[in-house]
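To start, the structure under review is shown below, and the notes come after it.
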Amino acid sequence: MLEIKNLKATINEKLILKGLDLNIKPGEVHAIMGPNGSGKSTLANVLSGKNGYEIEGKISFNGIDLNDLKIEERAQKGIFLAFQYPLEIPGVNTNNFLRTSLNSVRKARGEKELDTLTFLKLIKEKAKELNIDEKFLSRQLNVGFSGGEKKKNEILQMKLLEPKLSILDETDSGLDIDALRIVADGVNSYKNKENAFLIITHYQRLLDYIKPDFIHVLSAGKIIKTGNADLGEQLEKTGYVNLS
Amino acid sequence: MKQNYDFDIEKIKNLSQKEKVSRKKNLDLFYESGFPSKQVEDWKFTDLKLILNKNFDNISNEVNFESSKEFKAIESFEHNFIFLTNGKIISTNFDHEEKNKILIKDFNQEEEVKNIDPSNALALLNTALSSGGFSLEITKDYKLKKPLVVYNCFSQDLKNKILNNKNSIKLNEGSELTLVDYSDNNTQSNFIKNTVDNVSLDKNSVLKNILIQNSKNNGHFYKYIKSSLEGGSSYESYILSSGLKLNKIEIEINLNKDNSSCSIYSALNLLDDQHQEIKTRINHNSPNCKSYQKIKNVLNDKSKGIYQGKIFVEKIAQKTDAYQLSKALIVSDNAEFDAKPELEIYADDVKCSHGSTSGSIDSDAVHYLMTRGISKKEAIKLLINGFLSEVLEKITNSELKIFLEKILERQINGH
């Protein structure tokens, strides 16, 4: 599904990713762990198409060169990034945003856009699954939401847009145990043979709930080690320092 | 430039000799200065003389038109209406109300709107050339059950014409009215509309005045609203305006007695080379009055927006509570926004605050929305809508609110 070959990314003349290779197939859950500054979030940003990066190397998503796709086209083709710090957008009503987003994606897929009533029914169902109070949906997007509410809102968007590849950038940070469980359940219930996940995290914690097929250790812009779920527990004991 | 004007008082019907003489005097006063240029402080950001010279070869007044009996009525909410063509009453309908509680007639040509600043050249011209308008009065304690929509339509034959109208709205003690002043038709001709509205609110009356300028045309509009408020009365004004080549709305509110209050909310989305100015003057003439202003402008393309707002507090107007905020979102590098907030305070126990900010679209927010499959263009529209729709928050009539949200959305989409 996702093939990354020798990816280099530079921002403000600083080389952050220094030749990264990664292959993700449908149905797989990959985790990327690594110390601060290793390039984890840069990878997420580059995949989402954030401006400002100079890119070398190849990223292909289901056979399409990602560099040829605009930010919104990546989302429409099925790449979803759950932000580490979801933005507060004053004035923009959450429901209105969610409907515009869903309909943009549906339109691009050649599906019929949903009218307000059908949409509201759908969003209420999805919100309930994540234990999100309906009143959040009529508030301004993320404005005054707690950290946990913002993260839940990201997962809600994921479930709504039904992406093929979901990238979760430090989704566990700022979550208490209950919220963590809800978020993990949300991810697990969406997981199937067709879609894949790339989970970026500092800690083993989230991986106790969402079991990865592969764990990669990113250090100084390169993947230096790949293993199975046991690698996470090992890292938790030994830290990253002893790997290099 | 005088040679370019062809202003003839004789064209106006049913004027007494005395009235003609008085109008001639006003016209002469107007000729002394002509249309104001930027040298006039009140027009420093809107050089009307220059703009008119650029867009008009000659200007004449005209009062006889082909008027259509048809107009496209609003279907979103039940309402009463006054239908105007070129400012003159064509028909009215108050089927939702007790008819004897509402007095509606043509504006009395002999009646004068008092105390208009003699340095206001357009007001002088209006007095000289006014072909009337409507005069509305609501009797004591009558609260209209449905909003009143004033439909402003224009005929097609207005090239190089100036329309001058005067309207009067009087709410007697304890009465209530929601008035939607609605312009939504697209005449192609290049014309000027110069309107003076006189609003008089008696004790404890409530007026909600919603101005919707929704036509996309070559109109050059100036509207002067002068209102006087008695004790406990309230004047709430909303302005949604987009699409005119030039639009200047000047609102003067006189808080004459205790506990009267006013608010002005405006949401303006300007496109192309549109030029729009909101100018306000709030006179706190009595203690314990409140005024609130929130002016929001979005400037696209080569548009220009202006807000000049003055709060004046008389020495006796203690415990005044006045608030004024202007926020502009500048979307294009070629757009311009000017703000001139002013406070003039002679009382010593008052709460007055004002602020003015302008900024650009938050690129991180655009990015976030785009990662959700929304195109850049749509993302910017969502943000603009978020920015402007805030001014509608206080509207309690939900049907009306939904209607206004739709209007705003349409204006953001470029009509």
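Line order of the protein sequences matches chains A and B.
To convert, count from 1 in the first sequence and add 129; that's the working numbering.
To convert, count from 1 in the second sequence and add 26; that's the working numbering.
Note that beta-carbon positions come from the ideal geometry of N, C-alpha and C, so glycine has one too.
Check                                                                                                                                                                                     : Outcome
Write down every uninterrupted run of the alpha helix (DSSP H) in the stretch 241-273 of chain A whose length is 4 residues or greater and which is fully enclosed by it, in chain order. : 245-258
Please name the residue in A/GLU362, A/ASN271 and A/GLY350 whose C-alpha comes closest to that of A/THR139.                                                                               : A/GLY350
Would the stretch 176-184 of chain B and the stretch 206-214 of chain B be scored as touching if the rule is three or more Cβ pairs under 8 Å?                                            : yes
What are the boundary residues of the beta strand (DSSP E) that A/HIS159 is part of?                                                                                                      : 158-162
Cα separation between B/ASN280 and B/ASN360?                                                                                                                                              : 37 Å
B/GLU276: which of B/PHE247, B/GLY258, B/ASP299 and B/LEU255 sits nearest, CA to CA?                                                                                                      : B/PHE247
In its own chain, which residues sit with a C-beta less than 8 Å from the C-beta of A/PHE265, not counting the 5 before and 5 after it?                                                   : THR223, ALA256, PHE274, GLU278 and ASN282
If I measure Cβ to Cβ from B/LEU148 and keep anything under 6 Å in the same chain, skipping five residues before and after, which residues do I get?                                      : ASN220 and TYR248
In chain order, which continuous runs of the beta strand (DSSP E) of length 3 or greater are located wholly inside the stretch 351-420 of chain B?                                        : 362-371 and 377-385
Which chain A residues are close to B/GLY412, counting only those with a beta carbon under 7 Å from its beta carbon?                                                                      : ILE218, PRO219, GLY220 and VAL221
So, for A/ILE188: in the same chain, excluding its five sequence neighbours on each side, which residues have a beta-carbon less than 6 Å away from its beta-carbon?                      : ILE133 and LEU195
Between the Cα of A/ILE328 and the Cα atoms of A/ASP314, A/LEU304, A/GLN205 and A/THR300, which residue gives the shortest distance?                                                      : A/THR300
Please report the residue range of the alpha helix (DSSP H) in which A/LEU223 lies.                                                                                                       : Correcting the residue identity first, residue 223 of chain A is Thr in this sequence and not Leu. Element bounds for A/THR223: 223-237.
Measuring straight from C-alpha to C-alpha, what distance separates A/ALA160 and A/HIS345?                                                                                                : 6 Å
Just tell me which of B/SER48, B/ILE116, B/GLY335 and B/PHE413 has its CA closest to the CA of B/CYS378.                                                                                  : B/GLY335
Anything in chain A within Cβ reach of B/ARG398, meaning under 9 Å, just list it in chain order.                                                                                          : GLU201, ALA204, PHE209, PHE226, LEU227, THR229, SER230, LEU231, SER233, VAL234, GLN286 and LEU290
Helix, strand or coil: how does DSSP classify B/TYR318 here?                                                                                                                              : strand
In its own chain, which residues sit with a C-beta less than 8 Å from the C-beta of B/LYS28, not counting the 5 before and 5 after it?                                                    : Only weak support is given to the placement of B/LYS28: the predicted model assigns it a pLDDT of 45, under 50, and the value that follows is read from those uncertain coordinates. Hits under 8 Å: TYR57 and GLY60.
Check for me: the beta strand (DSSP E) holding A/ILE404 runs from which residue to which?                                                                                                 : Residue coverage of chain A in this structure runs from 130 to 373, which leaves residue 404 of chain A outside it and unanswerable.
Quick check: the Cα distance between B/ILE164 and B/ILE195, rounded to an integer number of angstroms?                                                                                    : 8 Å
I want to know whether the stretch 35-42 of chain B touches the stretch 77-90 of chain B - three or more CB-CB distances under 8 Å.                                                       : yes
Strictly under 9 Å for the Cβ-Cβ distance: is B/SER401 near chain A by that measure?                                                                                                      : yes
Is B/GLN214 helix, strand or coil when you go by DSSP?                                                                                                                                    : coil
Run down chain A in chain order and give the residues with a C-beta less than 8 Å from the C-beta of B/ASP347.                                                                            : Per Cβ cutoff of 8 Å: no residues; B/ASP347 is ~25 Å from chain A at best.
Please classify A/GLY414: is it buried, with 16 or more other beta-carbons within 10 angstroms of its beta-carbon, or exposed?                                                            : The structure shown does not extend to residue 414 of chain A, since chain A is modelled only from 130 to 373, so the question has no answer here.
Of all the CB atoms in chain E, is at least one closer than 9 Å to the CB of A/SER177?                                                                                                    : This model lacks chain E altogether; the protein chains it does include are A and B.
What does B/HIS391 touch in chain A if you count any residue whose Cβ is under 7 Å from its own?                                                                                          : A small correction: the amino acid at residue 391 of chain B is Ala; His does not occupy that position in the sequence shown. Chain A residues near B/ALA391: LEU216 and ILE218.
Check this for me: beta carbons of A/LEU294 and A/ALA313, under 9 Å apart or not?                                                                                                         : no
Between the Cα of A/LEU210 and those of A/LYS320, A/LEU347, A/ILE284 and A/LEU364, spot the shortest distance and give me the residue it belongs to.                                      : A/ILE284
Quick check on the DSSP output: the alpha helix (DSSP H) that includes A/GLN363 runs from which residue to which?                                                                         : 359-367
Following the continuous alpha helix (DSSP H) through B/LYS271, name the residue where it begins and the one where it ends.                                                               : Element bounds for B/LYS271: not the alpha helix (DSSP H) but the beta strand (DSSP E), 270-281.
Name the DSSP beta bridge partners of A/GLN286, please?                                                                                                                                   : Answer by DSSP bridge pairing: none, since A/GLN286 is not bridged.
Mind checking if B/GLN29 is an interface residue toward chain A, Cβ cutoff 9 Å exclusive?                                                                                                 : With a pLDDT of 45 at B/GLN29, under the threshold of 50, the predicted position of this residue should be treated as unreliable, though the coordinate-derived value follows. Not closer than 9 Å to any Cβ of chain A, the Cβ of B/GLN29 fails to qualify, so no.
State the Cα-Cα distance for the pair B/VAL66 and B/ASP143, rounded to the nearest angstrom.                                                                                              : 13 Å
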